[in-house]
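Trainee: Going left to right, the sequence shown walks through residues 1 to 243 as full-length UniProt numbering numbers them. Built from N, CA and C at the ideal position, the CB exists for glycine as well.
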Amino acid sequence: MSGMALLALLAAGLLGGVVNALAGGATLLTFPALMATGLSPVTANATNAVALAPSHLVAAVAAGESRPAADRRLRGEVAVAAVGGAAGSILLLMLPARHVQTLVPLLIGAATVLFAAAPRLRVRGTGVRTGPGLLLACTYGGFFGAGLGVILAALLSLGSDTDPRRVNARKNVLATGANLAAVTVFVAKGVVMWPAAAVMLTGALAGGWLGGRASGILPPGVVRATVIAGGGALTMVYALRFW
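1. Buried or exposed for histidine 56, please, with buried defined as at least 16 other CB atoms from any protein chain shown within 10 angstroms of its CB.
2. Measure the C-alpha to C-alpha separation of phenylalanine 131 and leucine 93 and round it to an integer number of angstroms.
3. Counting only the same chain and skipping the five closest in sequence on each side, list residues whose C-beta sits under 8 Å from that of arginine 124.
4. Cα separation between leucine 114 and alanine 154?
5. Do leucine 103 and alanine 204 count as a contact pair if the criterion is CB distance below 8 Å?
6. Hey, which unbroken runs of the alpha helix (DSSP H) at 4 residues or more fall wholly within the region 73–112?
7. If you follow the alpha helix (DSSP H) that methionine 4 is in, where does it begin and where does it stop?
8. Would you call the region 19–37 and the region 225–243 in contact, with 3 or more CB pairs under 8 Å?
9. Please report how far the alpha carbon of glycine 127 lies from the alpha carbon of alanine 181, in whole angstroms.
10. Can you give me the C-alpha to C-alpha distance between valine 78 and leucine 6, rounded to a whole angstrom?
11. Identify the continuous alpha helix (DSSP H) that holds threonine 176 and give its terminal residues.
12. Does the beta-carbon of alanine 44 have 16 or more other beta-carbons within 10 angstroms, so that it is buried, or is it exposed?
13. According to DSSP, simplified to helix, strand and coil, what is valine 222?
14. Going by the beta-carbon positions, is the gap between leucine 17 and glycine 211 smaller than 8 Å?
15. What first and last residue would you give for the alpha helix (DSSP H) that runs through phenylalanine 31?
16. Methionine 144 to alanine 214, Cα distance in whole Å?
17. How many whole angstroms separate the CB atoms of glycine 147 and leucine 107, which I take to be in contact at a CB cut-off of 8 Å?
18. Please confirm whether leucine 15 and glycine 207 have their CB atoms less than 8 Å apart.
19. Might you give, ordered along the chain, the residues of its own chain that have their beta carbon closer than 7 Å to the beta carbon of alanine 81, omitting 5 neighbours on each side?
20. Report buried or exposed for arginine 224, applying the criterion of at least 16 other Cβ atoms within 10 angstroms of its Cβ.
21. Tell me whether the beta-carbon of alanine 229 lies closer than 8 Å to the beta-carbon of threonine 37.
22. Return the CA-CA distance between tryptophan 194 and threonine 112, expressed in angstroms with no decimal places.
23. Return the CA-CA distance between proline 54 and glycine 84, expressed in angstroms with no decimal places.
Written out as structure tokens, the structure is:
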């Protein structure tokens, strides 16, 4: 892999880390960048998962007071996310990706609408059980990953927490659980291109920290608008690509 290709992957990782921390959708930048270097779809997806997995955790740590408490609820949600991530990665290695690609625009579009409508759907003082939805979302995340942040933010916004900044921080923790589980499967199967993953990981870590700091500073309305705008853009891009 040439020096220019590695530099491009470093830049894509940096931007991807910022995007993931603020709204999700880093794969929109990083997956095409990996494909452009000549990697197969499965190898590009596995390498992308390795490169971006830590960025969510770095963003959650950098979120300051918005960080979720490591209580029983969070531990349970992380466990569900990990099971889903592992299941999705196994499906990716077993099935042709084209069977799921056509669903990607629908999934992201529906999640964006759900996130935008969450303030009207939320019942004050109560939370919505997100376990089944979390499992399905993280299974999808392990399979392909694009838009997982948007989907998780939509699910979590239906709970009792009304602050998009705390929702965003919790989303980053759960995405970490799903991604690390998927990465474990990919590494065990030997489908990761490590030089590309290392370069992109370096950029993604820096980008995740920058994005996490921005998430803690920006007003809640700005964070919500960023998530909605990112989800809308992802929906259009993947609809044009896969339909």
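Mentor: With the structure as the only source:
1. buried
2. Here the sequence assigns glycine to residue 131, which means phenylalanine is not the residue at that position. Take the alpha-carbon of glycine 131 and the one of leucine 93: they are about 25 Å apart.
3. Low local confidence applies: a pLDDT of 45 at arginine 124 is under 50, so the model's placement there is unreliable, with the coordinate-based value given in what follows. Nothing meets the Cβ criterion.
4. 6 Å
5. no
6. 98–101
7. 3–22
8. Between the region 19–37 and the region 225–243 there are three or more C-beta pairs closer than 8 Å, enough to call the two in contact.
9. Residue placement at glycine 127 is poorly supported in this model, since its pLDDT is 46, which falls under 50; the coordinates still yield a value, given next. In a straight line, the C-alpha of glycine 127 is about 27 Å away from that of alanine 181.
10. Approximately 32 Å between the Cα atoms of the pair.
11. It spans 164–189 - the alpha helix (DSSP H) in which threonine 176 sits, taken as one unbroken run.
12. buried
13. helix
14. Correcting the residue identity first, residue 17 is glycine in this sequence and not leucine. Against a cut-off of 8 Å, the Cβ pair of glycine 211 and glycine 17 comes out as a contact.
15. 27–36
16. The sequence given here has phenylalanine at residue 144, not methionine. Between phenylalanine 144 and alanine 214, the C-alpha separation is close to 27 Å.
17. 7 Å
18. yes
19. Leu134, Cys138, Leu174, Gly177, Ala178
20. buried
21. no
22. So the two alpha carbons sit approximately 33 Å from each other.
23. Each residue's alpha carbon lies about 17 Å from the other.
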